[in-house]
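The opening residue of the sequence shown carries number -15 in our numbering; numbering runs sequentially from there.
Cβ atoms here follow ideal geometry from the backbone N, Cα and C, with glycine treated the same way.
For reference, the structure discussed in these notes is given below.
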Amino acid sequence: MAATAPATDPPNSSPAVTIDASPPPRPTPEELVARAVAPVKPAFLRPPPVREVPKEEGKAGGGGAVVTGEKKSKRQLKRERQQEKKSTSHLCIEVGKSGNVDSCKYGTSCRFSHDIDAYLAQKPADLEGTCPFTTLGQLCPYGLTCRFLGTHKDNLAPQNQSEGNHERNPLSKDIQKLLWKNKYKFPKASAQIKLLGLKDGNKNKAEATNDDNPDGICELNGDDKTESLSSIPVNVEPDPPCKEIDNSEGEPLVVNSVGVEPRPLKKSKVEVDETQNGTGVHDNEAEFEDLNLSNGLKVSSNNQSSCRVDLITTPHLREKKIIDFREKLYLAPLTTVGNLPFRRLCKTLGADITCGEMAMCTNLLQGQASEWALLRRHPSEDLFGVQICGPYPDTVARTVELVDNECSIDFIDINMGCPIDIVVNKGAGSSLLTKPMRIKSIVQAASTVTEKPLTVKVRTAFFEGRNRADSIVSDIYDWGSSAITIHGRSRQQRYSKLADWDYIYQCAQKAPDYLHVIGNGDVFSFTDWNKHVSDCSKISTCMIARGALIKPWLFTEIKEQRHWDITSGERLNILKDFVHFGLEHWGCDSKGVETTRHFLLEWLSYTCRYIPVGLLDVIPQRLNWRPPSYYGRDDLETLMASDSAADWIRISEMLLGKVPEGFTFAPKHKSNAYDRAENG
Ligand SMILES: Cc1cc2nc3c(=O)[nH]c(=O)nc-3n(C[C@H](O)[C@H](O)[C@H](O)COP(=O)(O)O)c2cc1C
């Protein structure tokens, strides 16, 4: 926690003649606000806590890594993992689930233990609370390995599971295999790419069905091949169960299917690509063939039965479903922290629209389970979009076709604002803002392969001072986008200054009537939200990101038009709900408990920035205020204000029991460094 600025002697000041011992007068609340320091009432101020520096990592507080127990080498950890698999603590999943040693088809050759008695003898004591599945009246899929085993009921049968509660958008093994072998066909995307005269990086691969790819890795031309986004925080969600996809499940609940105003027909222009790699160049031959294609073409399909592809030469004729974004509370896509349990929590607190974490097109096209986990949708997410990110029209269009075919979603958002180096260096995310023609071809190609609304999310610009969003806003509707979200900062600026809402308003003024403009940046109270939607009638709504992370009840505040002086107990209940949703999603065995803890800790690195309403001399709190060190109104409120990872771990232990031996945690987003939050 930052301390209030100490009074320091000015450098090289001349020797003082008289010594005034009285402390400098405390700045007024208005002066503090002017210096972006939170005006906490003097009665609650305290000196910054002195923290011990941990021997191993060099820092404990301020979001640094916390290590409990000795640090081990990678090799040692691997050896231990292998030994552990065979140890009694690693009970075979099938045996654990059924409680029957004969249920595993691998019998004695199974790599995991079948010794139920030995497993139960070493299993840690149950956690406090009830099994989340028992609470739902369902049979717990984790059986003996559940950390709430004592609360299981005998009389529940598997069929007791309520279908309506199932998470949607699992990746079926069949589809994953097709993707691995590069045998999934994209007739709509290929045809549109051809029609637009763009290069189809996958054309040859798709035609020569790739049987000789022993690793099952598809190589994608024109894109970032077997990209590993190891530096991007990736959700470590479990592989989805092997299930048939049922697209009837979770059909859009609030989307009306109506035709939109015809867009003026635009002839596809010669594509001028700013990069040297050739993708996106005009292809005369393809344009020739367009004449035939425009009347519809029979395309033999691979994975599905043969289908007739309705080629859209005139995007304006397609009947697009539309979403009315106006005045709906939109929870931003948030890598890592915007996971399904968090979105579910925000739904309970008043969010209307939710969006999955950014998923990379290449990884989805390769059938990577961890990336597909980012597309999961909870049934409570009744207006739900997924966000994808890719640098080329062909890969983005194929991803849109794939997601449209296999997932239950209401809209697809393309991330053109991501500032992360690994994304930008591949030509995706905010680097697209330097390539307006590429934006055009991506949107044109992608929007015509789906009837679902396509939206884009941009920043003001790539470089500070060279705003670009306004030039895109006037055309993007004609290219095929239903909405544009504008985050009022450039890529270069990251979070260093306040979002430029005046520029967002200027962009909105330039938008055609049918385009929804969604403003984004620094919304942290109902008054912020009111101001933006009333200042500019062309703004449909505001997207809320860090505001929701720091105080997810912001949605309630906006709906109820009040500043909620929430108590620490009420905040703890919100954390409990998250933990409950987390255990349901990631599992209630030891692995699921620790995954839930991990994501809880990531989130707590944001929640500590909330300053209770009752402690402030000026309300509402602003996102850019630095908090002084302060006491809460009770011990829990004080603990919740701590920016020390050790204290976040203590909170996690109140909800999920003691951390295991050797537990480490370092927050991914380092949110407490206000100007360093890097993502998005
Ligand atoms: C932790 C974190 C993760 C983010 N992940 C994404 C993302 O996956 N996709 C995206 O478009 N923006 C992402 N963003 C950016 C936000 O959606 C939003 O545009 C930005 O934070 C500005 O809004 P705010 O001022 O309300 O926080 C992320 C932001 C944060 C802080």
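Beta-bridge pairing of residue i - partner residues as DSSP gives them
i, result
"Tyr314", "Ile337 and Met527"
"Cys373", "Met344"
"Arg152", "Arg361"
"His471", "Arg443 and Asn504"
"Ile398", "Ile372 and Val440"
"Val24", "Leu600"
"Leu29", "Tyr614"
"Lys107", "Per DSSP, none; premise fails for Lys107."
"Ser97", "Leu75"
With 16 other Cβ atoms within 10 Å as the buried cut-off, status of residue i
i, result
"Thr319", "buried"
"Gly185", "buried"
"Phe649", "buried"
"Lys183", "buried"
"Pro31", "exposed"
"Gly560", "The identity of residue 560 in the sequence shown is Lys, whereas the question assumes Gly. When all chains shown are included, Lys560 counts as exposed."
"Lys419", "buried"
"Gly646", "exposed"
"Tyr90", "exposed"
"Pro651", "buried"
"Leu61", "exposed"
"Asn144", "Its pLDDT being 48, under 50, Asn144 is placed unreliably by the model, and nothing is read from it."
"Gly264", "At Gly264, the pLDDT of 30 sits below 50, so the modelled position is not reliable; the number obtained from the coordinates is stated separately. Label assigned to Gly264: buried."
"Ala192", "Reliability fails at Ala192, whose pLDDT of 41 lies under 50, so the model's placement of it is uncertain and no value is given."
"Thr92", "exposed"
"Asp462", "buried"
"Ser636", "buried"
"Glu385", "buried"
"Lys642", "exposed"
"Asp512", "buried"
"Gln106", "exposed"
"Ser57", "exposed"
"Pro403", "buried"
"Pro7", "exposed"
"Pro644", "exposed"
Among the options, nearest to residue i - alpha-carbon criterion
i, options, result
"Lys25", "Leu349, Phe649 and Thr12", "Thr12"
"Ala529", "Thr469, Ser518, Ile177 and Ala18", "Thr469"
"Ile396", "Cys402, Ile404 and Val387", "Val387"
"Glu311", "Cys124, Cys520 and Leu348", "Cys520"
"Asn389", "Asp506, Lys172 and Cys572", "Lys172"
"Asn323", "Phe309, Leu333, Thr338 and Tyr314", "Thr338"
"Thr118", "Phe132, Pro644, Lys642 and Ser589", "Phe132"
"Ser97", "Phe565, Leu75 and Tyr479", "Leu75"
"His471", "Asp158, Asn451 and Cys391", "Asn451"
"Lys481", "Thr135, Asp506, Cys130 and Ser156", "Asp506"
"Leu29", "Asp627, Phe510, Leu417 and Gly616", "Gly616"
"Asp486", "Gly641, Val517 and Ser73", "Val517"
"Ala453", "Lys436, Ser415 and Cys572", "Ser415"
"Arg328", "Leu533, Glu14 and Tyr590", "Leu533"
"Ser466", "Phe447, Ala343, Pro496 and Tyr489", "Pro496"
"Asn557", "Leu639, Ile306 and Pro7", "Leu639"
"Ala102", "Thr72, Gly449 and Ser574", "Thr72"
Contact under 8 Å by Cβ, residue i with residue j
i, j, result
"Trp579", "Trp587", "According to the sequence displayed, residue 579 carries Thr and not Trp. In this structure, Trp587 does not lie closer than 8 Å to Thr579 by Cβ."
"His547", "Ile595", "no"
"Met624", "Ala316", "no"
"Arg634", "Pro611", "no"
"Ala27", "Gln605", "no"
"Lys494", "Val440", "no"
"Leu367", "Phe539", "no"
"Lys81", "Gly113", "no"
"Phe170", "Ser524", "no"
"Arg443", "Arg473", "yes"
"Pro668", "His564", "The first residue shown for the chain is -15 and the last is 664, placing residue 668 beyond what the model contains."
"Pro125", "Ser613", "no"
"Gly134", "Asp110", "yes"
"Pro325", "Gly566", "yes"
"Gly374", "Cys330", "no"
"Asn347", "Glu341", "no"
"Ser628", "Arg63", "no"
"Gln371", "Asn399", "yes"
Any non-hydrogen atom of ligand 2 closer than 7 Å to residue i Cβ
i, result
"Lys107", "For the structure depicted, ligand 2 is absent and the ligand set comprises only ligand 1."
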